[in-house]
Amino acid sequence: MRKTKTGIVISNGMNKTRVVEVAWTTRHPLYQKVIRRRTKYYVHDEKNETRLGDKVDIIETRPISKLKRWRIVRGSG
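Residue 35 in my numbering sits at position 45 of the sequence shown, with consecutive numbering throughout.
As C-alpha cells, then:
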C-alpha cells in the first residue's frame, strides 16, 4: 500500500516539480502541549497544473529524481 498525504503547494518555480508542505499536530510527550510540525516534499506534477496555495493529495511513487519520490494525485484550488 502506497502512502498518501495532503498538503499545500508552496513553490512552483521548477518545471514539472512542486514543493508541497504537509503539516500535522502532535503532543509533547512530557508537557502535553500541542506542537505543529511540517515537512516539505518535492512532488512530480507532469502537466504543471497546480498553482501556489493549491491543496493537493500526493502519493508515494518510484524515485523520479534525486529528491522526488512523490507525485500529485489530485489538486483542488
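Glycine included, every Cβ here is placed at the ideal spot set by N, Cα and C.
### Query
Between Val24 and Asn38, what straight-line distance do the alpha-carbon atoms span, to the nearest angstrom?
Taking the first residue of the sequence shown as 1, we reach residue 24 at position 34. Taking the first residue of the sequence shown as 1, we reach residue 38 at position 48. Straight-line Cα distance between these residues: approximately 36 Å.
### Query
Do Glu11 and Lys(-7) have their CB atoms nearer than 8 Å?
Indexing the sequence shown from 1 puts residue 11 at position 21. Indexing the sequence shown from 1 puts residue -7 at position 3. Against a cut-off of 8 Å, the Cβ pair of Lys(-7) and Glu11 comes out as no contact.
### Message
Which of the three DSSP states is assigned to Ser1 in this structure?
### Response
Mapped onto the sequence shown, residue 1 falls at position 11. Note: Ser1 maps to strand in three-state DSSP.
### Query
For Asp44, which of helix, strand or coil comes out of DSSP?
Stepping through the sequence shown from its first residue, residue 44 is reached at position 54. Three-state result, Asp44: coil.
### Task
Enumerate in chain order the residues of its own chain whose CB-to-CB distance from Gly3 is below 8 Å, with the five nearest sequence positions on each side excluded.
The count along the sequence shown starts at 1 and reaches residue 3 at position 13. Here Gly3 has no same chain residue with a Cβ atom under 8 Å from its own Cβ, once five neighbours each way along the sequence are excluded.
### Task
Pick helix, strand or coil for Glu68, following the three-state DSSP scheme.
Given a span of -9 to 67 for the chain in the structure shown, any question on residue 68 remains unanswerable.
### Query
Ordered along the chain, which non-local residues of its own chain (more than five positions away) have a Cβ less than 8 Å from that of Thr(-4)?
As a working mapping, residue -4 is identified with position 6 in the sequence shown. Take Thr(-4), set aside five residues on each side of it, and the residues of its chain with a beta-carbon closer than 8 Å to its own are Val12, Lys45, Val46, Asp47 and Ile48, in chain order.
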